[in-house]
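Take the sequence shown: its position 193, counted from the start at 1, is 193 in the UniProt record's numbering, and no numbers get skipped.
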Amino acid sequence: MQVGAQTTFPTTVEVDLIFPRNDTYAPSTLFPVVFAFQNAALAPSLDPSLSFLLWDNTFDHAKDYKVNLKSTNFTTEPTFVYMFISTLNTTADGAPASYSVSWELGQHNCSHHGILPFQNIGGGFRGTGVTFTIANGAPEPDLVEATTNSTLCTDASYFAFNLTGILDGSSGQYDGRNTCAVLSDVQPLVDGDPCAVHVDSAAASSISAALTATACTYDNPVVSCPSKQNAAAADTKTGFPAMLSGFVAALVAMQLL
């Protein structure tokens, strides 16, 4: 959807944590964390920000990560934003380990300032999360299964914003964005539909390839990587970046030590 005269308000912009779900997975070298923006063309008007905490098995320690969305291209529908957690495993003695992803979404809300051409800009942060388990013998992380299994998707964590309009943000006062969302005063949040987001096998393979390629940029990658010479030749022959450009909206790689 493009922002313009054809946009009918009220409308909804939804942000879903589509992986992981409340499920059990096998240990994974590159464990994906995947968010989806629905009605993505209007997402910049919220000036969204994402961060999350990954709690360990004891839930006594957490690592904090911020996802930079400033350069995200919200032109694909839905827009996926993803990253990886490196070498997520069981406990030291091989017992299943529980983890929790507590994620926080920041957003802005604009309103008219009387009769003057200025705007009031408010906003805040909302948090939610998901708990999952890593166990030997469990299924490998599977984005296709996670987004097609009706039981898993209905249990997804998300925020769905009720937009009643868009104001001009071209003055630069709105964190550099050129649009500014107006949320309903009565019901800013509404029921969402995380089950509407599906990752097919081709998209899942592209995400996996992109995460692996990013992991290979580290000095000491945790995955097997082609030599730089072979990788450069592959890019020239297959057009790997161009192949992903229509699908990958943003890629932030995170490595937990």
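For glycine and all other residues, C-beta sits at the position ideal for the given N, C-alpha and C.
For Gln6, the closest of Asp16, Gly165, Leu183, Ala43 by C-alpha to C-alpha distance is Gly165. When rounded, the separation of the alpha-carbon atoms in Ile134 and Asp185 is 42 angstroms. A straight-line Cα-Cα distance of about 16 angstroms links Val144 and Thr79. Short of 6 angstroms from the beta carbon of Thr128, and not among the five residues preceding or following it, lie these beta carbons of its own chain, in chain order: Ser157.
In this structure, Gln38 is the residue among Ile85, Leu50, Gln38, Glu104 with its C-alpha nearest to the C-alpha of Thr76. The C-beta distance from Pro32 to Tyr82 rounds to 6 angstroms, short enough to fall under 8 angstroms. Between the alpha carbons of Asn178 and Ser111 lies a distance of about 15 angstroms. Per the DSSP secondary-structure output, Lys63 pairs in a beta bridge with Leu54. Secondary structure at Leu46: helix, using DSSP grouped into helix, strand and coil. A residue is called buried once 16 or more other Cβ atoms fall within 10 Å of its Cβ, and Glu14 is buried on that count. Taking a cut-off of 8 angstroms for Cβ pairs, the stretch 90-107 and the stretch 10-25 touch, as three or more such pairs fall below it.
For Leu69, the closest alpha carbon among the candidates Ser86, Trp55, Pro48, Phe59 is that of Pro48.
For Glu14, the enclosing beta strand (DSSP E) begins and ends at 11-19. The three-state reading of DSSP puts Leu211 in helix, counting H, G and I together. Going by beta carbons, Ala146 and Leu152 fall inside the 8 angstroms limit. In the DSSP assignment, Gly165 is bridged to Val182.
Of the candidates Ser51, Gly137, Ala43, the residue whose Cα lies closest to the Cα of Val34 is Ser51.
Note on Phe125: under 16 other CB atoms within 10 angstroms of its CB, so exposed under the neighbour-count rule. Assignment of beta-bridge partners to Gly122 by DSSP yields Asn109.
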